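Scroll down for the structure; my scribbles are underneath it.
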Amino acid sequence: MIEANGLQKRFGDVEAVRDVSLRAEDGRITGLLGPNGAGKSTSLRMISTAIRPDAGQIRVDGINVVDAPQQARLAMGVMPHNAGLYPRLSGRENIRYFGRLNGIDRESLDARIEHLAERLDMKAFVDRPAKGYSQGQKLKTALARSIVHNPRNLILDEPTSGLDVMATRALRDLIRDLRQDGFCILFSSHVMQEVAALCDQIVIIAHGQVVARGEPDQLRQAMGSEDLEEVFVRAIAKAEAPQTADAGEQS
Ligand SMILES: Nc1ncnc2c1ncn2[C@@H]1O[C@H](COP(=O)(O)OP(=O)(O)OP(=O)(O)O)[C@@H](O)[C@H]1O
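Numbered per full-length UniProt numbering, the sequence shown finishes at 251, counting up by one with no gaps.
So this is what it looks like as structure tokens:
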């Protein structure tokens, strides 16, 4: 489980995150949705220990990520935006390298990679150099790499951006499978349809603040529209009229 409370982060004059709180449960997919520049990546980077928040608390499976970042990292798999693979290494070697960095011993690592290659249907390409991989193959390798240490929480930053329809579909299926396995999954997107297709819970942010949250049906009700695209637009409009922004937020 991932819990963040009152996150704030400033880069010089830019208030990237002003007030973000969220709770992502095990066995559920939580989508962090917002327009470009809303503060999604910054929030996920704070949660995944890449940067320190200026204020606020983050707990992953109860571990305080600011006080115990290394311990927290073991509990999380992270797929950053545009995560690259080493092109000359095979998929297996890419995954193994990450596994070794995470301190997994050689024997359990080999077994784990074999399991993931089977689970993610990677056998046909996992021993080829990554430089020839299709988008979908790259994605599976990056996903396997991010969960090689067997975390219970998975954070994905705009995982489908730049992917074609087939690769997007394959990734969605994989994410659903991981939910089935009990993973807590938190991912960001600026595309409402993307989030609607996958998420059990949606947190909408704009201008660094949470402007609405809830299950898709709760959001439809709160924003008075059946169309989730319209829900997104209305929630963002509320953020742009700050005096009414709090009224629309659902817990
Ligand atoms: N390292 C940084 N230095 C300066 N400004 C930054 C930095 N990182 C983010 N920002 C700024 O903070 C704001 C939020 O950025 P962030 O990347 O979190 O948004 P986002 O919601 O992920 O957007 P996108 O969908 O475009 O990726 C933006 O105005 C961005 O320019």
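A virtual CB, placed ideally from N, CA and C, is assigned to each residue, including glycine.
What you are looking at is a predicted structure, and each value in this text was computed from that prediction instead of being measured.
Which residues bound the beta strand (DSSP E) around residue i?
i: L77; result: This sequence places Gly at residue 77; Leu is not what is there. Taken as a continuous stretch (DSSP letters only), the beta strand (DSSP E) holding G77 covers M76 to M79.
i: D157; result: N153 to D157
i: T30; result: I29 to L33
For residue i and residue j, which I take to be in contact (beta-carbon distance under 8 Å), what is that distance rounded to the nearest angstrom?
i: P151; j: G77; result: 5 Å
i: E15; j: G208; result: 6 Å
i: H156; j: M79; result: For the sequence presented, residue 156 should be read as Leu rather than His. Indeed, because the Cβ distance is near 5 Å, the residues count as touching under 8 Å.
i: A197; j: P216; result: 10 Å between Cβ atoms; not a contact.
i: I95; j: A144; result: 5 Å
i: G31; j: S134; result: Actually they are not in contact, since the Cβ atoms of G31 and S134 sit about 26 Å apart, beyond 8 Å.
i: L22; j: V203; result: 5 Å
i: R179; j: G27; result: 6 Å
i: L154; j: F183; result: 5 Å
i: D127; j: R92; result: 6 Å
i: G89; j: G99; result: Note on identity: in this sequence residue 89 is Leu, with Gly being the wrong assignment. Contact flag wrong, Cβ pair sits at about 13 Å.
i: L87; j: A124; result: Here the sequence assigns Pro to residue 87, which means Leu is not the residue at that position. Not a contact, Cβ separation roughly 18 Å.
i: L186; j: L120; result: Not a contact, Cβ separation roughly 20 Å.
i: A192; j: L228; result: The sequence shown places Met at residue 192, rather than the Ala named in the question. The Cβ separation is near 5 Å, so the contact holds.
i: S43; j: V20; result: 5 Å
i: G56; j: G12; result: With a Cβ gap of about 19 Å, G56 and G12 do not count as contacting.
So, at 8 Å on beta carbons, what are the nonlocal neighbours of residue i in its own chain, with the 5 sequence-adjacent residues on each side left out?
i: T244; result: With a pLDDT of 44 at T244, under the threshold of 50, the modelled position of this residue cannot be trusted, and the question is left open.
i: R18; result: Q8, G39, H207, G208 and Q209
i: M223; result: A212, E230, V231, R234, A235 and G248
i: E226; result: R220
i: R176; result: I29 and L198
i: A167; result: S134, Q135, G136, L139 and T160
Which partner residues does residue i have in the DSSP bridge list?
i: I2; result: A24 and V60
i: V210; result: I205
i: C184; result: N153
i: E226; result: None; E226 has no bridge partner.
i: S189; result: L33
i: F11; result: V14
i: P129; result: S90
i: D19; result: Q209
What are the start and end residues of the alpha helix (DSSP H) that includes residue i?
i: I113; result: R106 to R119
i: G99; result: G91 to L101
i: D54; result: It is not in any alpha helix (DSSP H) - D54 carries neither H nor E in the DSSP assignment.
i: V195; result: M192 to L198
i: K40; result: K40 to I47
i: G136; result: Q135 to S146
Does any heavy atom of ligand 3 sit closer than 7 Å to the C-beta of residue i?
i: A68; result: Absence of ligand 3 from the depicted structure is noted, with ligand 1 being the only ligands included.
Excluding the 5 residues flanking residue i on each side, which residues of the same chain have their C-beta closer than 6 Å to its C-beta?
i: V65; result: T49, I58 and A72
i: I51; result: R45
i: N102; result: H149
Below 7 Å CB to CB, which residues in the same chain sit around residue i once its five sequence neighbours on both sides are set aside?
i: R10; result: A16 and D54
i: E194; result: T160
i: A75; result: V60, D61, I63, P151, R152 and N153
> Does the segment 199–215 come close enough to the segment 223–238 to have 3 or more Cβ pairs within less than 8 Å?
Replying inline: yes
> Taking contact to mean at least 3 C-beta pairs separated by less than 8 Å, is the segment 110–117 in contact with the segment 139–149?
Replying inline: The segment 110–117 is in contact with the segment 139–149.
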